[in-house]
DNA sequence: GAATGAATCGGAGGAACCTCCGCTTGCTGT
DNA sequence: ACAGCAAGCGGAGGTTCCTCCGATTCATTC
């Protein structure tokens with residue numbers, strides 16, 4: 415299960431080139447870039463792309479990992495600036511925005527959230543940790559329930575994001591986030 | 415906007431044959447049957463299939479409409495047999511089960527829920543009405559909030575179903591439904 | 001610095017998607 | 001009956017997806 419021997423030099427080169435091309439291509443053309451086009455632009459065969467990133471989601475995930483890290487990192491600032499309950503709500507907004515902006519992240523996210531324990535689950539762990547921090551702070555302060563699993567909140571949040579991405583109705587999204595918050599407050 | 419003139423005889427024949435083949439094929443092979451295979455088996459060209467059902471979702475939706483009607487019809491029985499709050503929860507279970515069983519309904523559902531007012535939104539109206547009935551009964555009894563839009567509940571429920579379909583973790587699904595119920599109770 | 005084995009590459013190929021438009025067929029009025 | 005004409009049909013064709021495996025290239029050993 416441990417990461418096997420380091421990649422061969424040419425393999426790493428290819429991987430990095432693919433990734434940087436993918437980042438550009440995704441932001442330039444949106445979610446439905448052709449993978450073949452990415453491979454071509456990176457100067458590698460399509461087979462190589464598929465070996466490094468077995469699914470479209472794996473590629474998108476890897477491409478956006480940096481931004482996703484930033485999203486998770488923001489938790490500390492939020493908690494420093496506002497009480498946990500408000501921090502959580504603010505972070506939810508960021509989360510939904512992020513998913514909305516990164517068009518095409520939607521499906522990747524779905525796969526990501528669904529992943530039980532894949533090698534691709536690093537992002538998922540980070541997200542779970544972020545939610546756990548927010549929930550934990552709220553539980554300590556007594557303003558959020560202590561008996562809700564971070565994982566459940568994350569899945570719920572991703573459900574809302576998916577629905578939001580489809581409908582583009584910001585008001586509804588806010589209402590749904592409000593409902594989720596209601597569910598998380600102690601009775 | 416009204417339904418234009420009735421379909422020509424041959425068109426209706428084709429439509430019906432496509433639908434019946436699709437029902438069989440979907441239950442036999444699952445969500446990812448090839449549309450070309452369905453068209454072939456129905457003895458029509460692929461173009462005909464696409465004219466009648468512009469997207470894969472439209473076809474799946476039409477194929478499962480009967481079962482979806484049955485799901486909505488069950489609301490009355492549930493309300494007759496138990497207090498609104500429990501009826502709603504029971505119906506949510508049915509909803510999730512239904513989505514889980516009908517593999518491949520997932521994407522169709524997503525498109526369905528997302529549809530603002532397409533000609534294909536009949537199913538969506540039925541679902542909204544079902545939720546509205548349950549919520550209304552609860553509001554009248556004072557055990558459910560009166561200030562939540564049925565539409566929001568439906569979107570939330572579909573989000574949970576999507577997540578559930580991916581993860582196949584029934585316990586988590588139940589917890590999420592529990593959270594949603596918590597959000598729907600008056601404070 | 002050549003040989004050798006293993007990791008990696010590349011792209012041909014088969015399947016499915018969806019569109020587009022010339023051809024066919026059912027309907028309507030005379 | 002039959003002419004005219006929408007409405008409807010069908011499938012070729014351009015794209016993309018993803019797999020598979022022979023050819024290539026790297027790393028290591030002598």
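Residue numbers (this note's numbering), protein chains in the order written: chain D, 415 to 601; chain Z, 415 to 601. For every residue, glycine included, the Cβ atom is placed at its ideal position computed from N, Cα and C.
Can you look up residue 437 of chain D in the DSSP assignment and give me helix, strand or coil? helix
Where residue 478 of chain Z sits in the DSSP three-state scheme: coil
Under 8 Å, Cβ to Cβ, is there at least one residue of chain Z near residue 577 of chain D? yes
So for residue 533 of chain D, helix, strand or coil by DSSP? The predicted position of residue 533 of chain D is uncertain, since its pLDDT is 45 and thus under 50; a value taken from the coordinates is nonetheless stated next. Note: residue 533 of chain D maps to coil in three-state DSSP.
Using DSSP with H/G/I as helix, E/B as strand and the rest coil, what is residue 422 of chain Z? coil
Identify the contact partners of residue 584 of chain Z in chain D, using a Cβ-Cβ distance below 7 Å as the criterion. None at all; the shortest Cβ gap to chain D is about 13 Å.
Kindly say whether residue 524 of chain Z, judged by its beta-carbon, lies nearer than 8 Å to any beta-carbon of chain D. yes
Give a yes or no on whether the minimum CB-CB distance between residue 543 of chain Z and chain D is below 8 Å. no
For residue 493 of chain Z, which residues from the same chain have a beta carbon less than 6 Å from its beta carbon, with the 5 sequence-adjacent residues on both sides left out? 501 and 551
Three-state secondary structure (DSSP) of residue 589 of chain D: helix
Taking residue 550 of chain D as the query, report the chain Z residues whose CB atoms sit under 7 Å from its CB, ordered along the chain. Under the 7 Å cutoff, chain Z gives no residues; its nearest Cβ is about 18 Å from residue 550 of chain D.
I believe residue 474 of chain D touches residue 578 of chain D by the beta-carbon criterion, under 8 Å. Please report the beta-carbon distance rounded to the nearest angstrom. No, residue 474 of chain D and residue 578 of chain D are not in contact; Cβ-Cβ is about 18 Å, not under 8 Å.
I need the DSSP call for residue 453 of chain Z, collapsed to helix, strand or coil. helix
With distances taken Cα to Cα, identify the nearest neighbour of residue 567 of chain D among D:556, D:463, D:596 and D:583. D:596
Excluding five sequence neighbours on each side, which residues of the same chain lie with their C-beta closer than 7 Å to the C-beta of residue 565 of chain D? 542
For residue 560 of chain D, count neighbouring C-beta atoms within 10 Å of its own C-beta (all shown protein chains included) and say buried if the count is 16 or more, exposed if not. exposed
Proximity below 8 Å, CB of residue 472 of chain Z to CB of residue 452 of chain Z: no
Cβ neighbour criterion (16 or more within 10 Å) applied to residue 522 of chain D: buried
Taking all protein chains shown into account, decide if residue 427 of chain Z is buried (16 or more other Cβ within 10 angstroms of its Cβ) or exposed. exposed
Return no unless some Cβ of chain D is closer than 8 Å to the Cβ of residue 570 of chain Z. yes
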